[in-house]
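Q:
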Amino acid sequence: MTDLAQATDLRIENYLRRLDASLRGMQPAEKQDILCEIRAHMVDSVAAAPEHEMSIDRVLRLLGTPEELAQRYNTERMLTRASRSFSPWLLLQTTWRWAKLGMKGTLAFFLALVGYGTALAFTGVVLLKPFRSANVGMWWGHDNFIIGAPAHPEGMHELLGQSFVPVMVVFAFALAVGTTQALRWLIRNRTLPMSP
Amino acid sequence: MYPPNGNNGDRGQHWEAQLRKGCLEMAILASLWQSKLYGLELLRALSEESQLNIAEGTLYPILSRLKAEGLLESEWVEAEAGHPRKYYWLTVAGRRRASEMAGAWNQFAGNLSALVQPILRNRS
Chain A
0 MTDLAQATDL
10 RIENYLRRLD
20 ASLRGMQPAE
30 KQDILCEIRA
40 HMVDSVAAAP
50 EHEMSIDRVL
60 RLLGTPEELA
70 QRYNTERMLT
80 RASRSFSPWL
90 LLQTTWRWAK
100 LGMKGTLAFF
110 LALVGYGTAL
120 AFTGVVLLKP
130 FRSANVGMWW
140 GHDNFIIGAP
150 AHPEGMHELL
160 GQSFVPVMVV
170 FAFALAVGTT
180 QALRWLIRNR
190 TLPMSP
Chain U
0 MYPPNGNNGD
10 RGQHWEAQLR
20 KGCLEMAILA
30 SLWQSKLYGL
40 ELLRALSEES
50 QLNIAEGTLY
60 PILSRLKAEG
70 LLESEWVEAE
80 AGHPRKYYWL
90 TVAGRRRASE
100 MAGAWNQFAG
110 NLSALVQPIL
120 RNRS
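In the order they appear, the protein sequences are chains A and U. Once you know that position 61 of the first sequence is 60 in numbering that gives the first Met the number 0, the rest is easy, because the numbers rise by one and skip nothing. Once you know that position 102 of the second sequence is 101 in numbering that gives the first Met the number 0, the rest is easy, because the numbers rise by one and skip nothing.
Next up, the structure:
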C-alpha cells in the first residue's frame with residue numbers, strides 16, 4: 000500500500016470514528032449500517048477519481064464534517080419519529096432542532112411554544128382554582144380580559160363562575176391536541192428536506 | 000419590480016436553490032422508479048439526468064428518512080469493488096408516493112408553463 004493510500008485510509012477511518020461518536024441515540028445496528036454506507040461511499044468516490052489526494056479532500060468536503068452529517072441524520076430521524084408521535088416533549092425538541100435549519104422550522108417552534116405554553120398556563124389556573132377560588136377565573140373589566148388572578152379584581156366581573164374549571168380543562172385539552180395535530184401536519188408536509 | 004441585474008441576483012439563485020431542494024424527494028423517488036441504485040449511482044443519476052447536484056452529506060440522511068418512512072427498502076449487495084454496497088429501491092408505498100408526486104408536479108408545471116410563456120417569448 001502506498002503512502003498516499005495509507006493516508007487516505009487514515010483520514011477515512013478518522014472521519015468514521017468522529018461520525019460514530021456523533022450519532023446519538025441510535026440502535027447499534029442502525030449506526031453500523033450508516034457507518035458502512037458512508038465508508039463504501041468514500042471508498043467508491045476516491046477510487047473513481049484519478050487524483051487521489053485531491054479526491055479524498057473533495058469527498059470529505061461534500062459530506063460535510065462528521066458532526067454536521069451526524070446532525071442531519073439525527074434531525075431526519077427525529078422528524079420521522081415526531082411526525083408519528085403525540086408526545087408534546089418530542090414535538091418541542093424536534094421543532095427546536097428544525098428551527099435551527101430554517102424559517103419554517105422557526106415558525107413551527109414558536110407555534111409549539113405558544114400552543115403548549117398556553118395549554119400549560121390554562122392547566123395551571125385550573126389547578127390553582129380550588130385554592131384561590133375567589134381570585135382565579137376569567138375576568139373582564141377596565142377594558143381588560145384576564146384568565147387567572149388579576150392584581151386588582153375590584154370593578155372586574157368573573158365570567159364563568161362554577162363553569163371555569165370544566166371550560167378551562169376543555170380549552171387546555173383542545174389547545175394541546177390542536178397544537179400537536181398542527182405540528183404533526185407541518186412536519187409531515189414539510190416541502191423542503193430538513194438538511195441544508 | 001427588480002432590476003434585471005441588480006441585487007436580486009443572489010435572491011434569484013436562492014429561489015432556484017430552494018426550488019431544487021423542494022423537488023429533491025421527488026427526484027430521488029423518480030430516479031429509483033426503474034431500477035435499484037446505491038448512493039453514489041443515485042447522485043450521478045440526479046446530476047446527469049436532472050442537473051441536481053446535491054451534496055453527499057444531504058443525500059444519505061434523506062435516504063435514511065425515506066426508508067424509515069417506508070418509501071424505500073434497501074439491501075447490502077457484494078460488489079466487485081471488494082466491499083458491499085447498499086442498494087435502494089421503491090416499496091409499494093414509495094411507488095405510490097412517486098406516482099402522486101409526478102402527477103402533481105406535471106399538473107403544477109403545466110399550469111405554470113402557460114403563465115410564463117409570455118415572459119419566455121419576451122426573453123427570446
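Where a beta carbon is used, it is the ideal one built from N, C-alpha and C, also for glycine.
1. Using 8 Å as the threshold, is the region 22-40 of chain U in touch with the region 51-71 of chain U, meaning 3 or more CB pairs across them?
2. Determine the direct distance from the alpha carbon of residue 33(A) to that of residue 86(A), and round the result to whole angstroms.
3. For residue 65(A), count neighbouring Cβ atoms within 10 angstroms of its own Cβ and tell me buried if that reaches 16, exposed if not.
4. Do three or more CB pairs link the region 51-68 of chain U to the region 4-23 of chain A at distances below 8 Å?
5. With 8 Å as the C-beta to C-beta threshold (strictly closer), list the residues of the region 75-95 of chain U near chain A in chain order.
6. Going by other Cβ atoms of all chains shown within 10 Å of its Cβ, with 16 needed for buried, is residue 109(A) buried or exposed?
7. At a CB distance below 8 Å, what residues from the region 44-74 of chain A approach chain U? Give them in sequence order.
8. Following the continuous beta strand (DSSP E) through residue 138(A), name the residue where it begins and the one where it ends.
9. Applying the criterion that 16 or more other CB atoms from any shown protein chain within 10 Å of the CB defines a buried residue, is residue 40(A) buried or exposed?
10. In this structure, does DSSP put residue 53(U) in helix, strand or coil?
11. For the beta strand (DSSP E) containing residue 84(U), name the first residue and the last one.
12. At what residues does the beta strand (DSSP E) containing residue 143(A) begin and finish?
13. Alpha carbon to alpha carbon, how far is residue 122(A) from residue 182(A)? Give it in angstroms, no decimals.
14. Is there a C-beta anywhere in chain A that falls below 8 Å from the one on residue 51(U)?
15. Could you have a look at residue 7(U) and say whether DSSP puts it in helix, strand or coil?
16. Could you tell me the distance, in whole angstroms, from the CA atom of residue 35(U) to the CA atom of residue 79(A)?
17. For residue 108(U) and chain A, any beta-carbon pair shorter than 8 Å?
18. Going by Cα to Cα distance, which pick from 43(A), 48(A), 188(A) is closest to residue 103(A)?
19. By the criterion of Cβ-Cβ separation under 8 Å, what are the contact partners of residue 39(U) in chain A?
20. If you measure beta-carbon to beta-carbon, which residues of the region 10-36 of chain A are closer than 8 Å to chain U?
21. Count the other CB atoms, across all protein chains shown, that sit within 10 Å of the CB of residue 46(A); report buried if there are 16 or more and exposed otherwise.
22. Any C-beta of chain D within less than 7 Å: which residues of the region 47-71 of chain U qualify?
23. Shorter than 8 Å from the beta carbon of residue 7(A) to some beta carbon of chain U?
24. So what's residue 0(U) in DSSP terms, helix, strand or just coil?
25. What do you get for residue 92(U), buried or exposed, if any count of 16 or more other CB atoms within 10 angstroms of its CB means buried?
A: Well, looking at it:
1. These segments touch.
2. Between residue 86(A) and residue 33(A), the alpha-carbon positions lie close to 27 Å from each other.
3. Around the beta carbon of residue 65(A), 16 or more other beta carbons lie within 10 angstroms, which makes this residue buried.
4. These segments do not touch.
5. Cβ contacts with chain A come from 75, 80, 82, 83, 84, 85.
6. A residue is called buried when at least 16 other Cβ atoms come within 10 angstroms of its Cβ; residue 109(A) does not meet this threshold and is exposed.
7. Listed by position along the chain: 44, 46, 47, 58, 61, 62, 63, 67, 68, 71, 72, 74.
8. Segment 136-140, the beta strand (DSSP E) holding residue 138(A).
9. With 16 or more other Cβ atoms inside 10 Å of its own Cβ, residue 40(A) counts as buried.
10. Looking at residue 53(U) - three-state DSSP - the assignment turns out to be coil, as it is neither helix nor strand.
11. The continuous beta strand (DSSP E) containing residue 84(U) extends over residues 84-89.
12. Taken as a continuous stretch (DSSP letters only), the beta strand (DSSP E) holding residue 143(A) covers 143-147.
13. One C-alpha to the other measures close to 20 Å.
14. With 8 Å as the cut-off, residue 51(U) does not count as an interface residue toward chain A.
15. Note on residue 7(U): pLDDT 49, under 50, position unreliable in the model; no value is reported.
16. Cα atoms of residue 35(U) and residue 79(A): separation of roughly 23 Å, rounded to the nearest angstrom.
17. It does not: the Cβ of residue 108(U) has no partner Cβ on chain A nearer than 8 Å.
18. Of 43(A), 48(A), 188(A), the residue nearest in Cα terms is 188(A).
19. What residue 39(U) touches in chain A: 40, 43, 44, 47.
20. Across the region 10-36 of chain A, CB contacts with chain U closer than 8 Å involve 32, 33, 35, 36, in sequence order along the chain.
21. Residue 46(A) comes out exposed.
22. Going by chain labels, chain D is absent from the structure shown, which instead holds the protein chains A and U.
23. It does not: the Cβ of residue 7(A) has no partner Cβ on chain U nearer than 8 Å.
24. At residue 0(U) the pLDDT is 39, less than 50, meaning the model places this residue with poor confidence and gives no usable figure here.
25. A residue is called buried once 16 or more other Cβ atoms fall within 10 Å of its Cβ, and residue 92(U), having fewer, is exposed.
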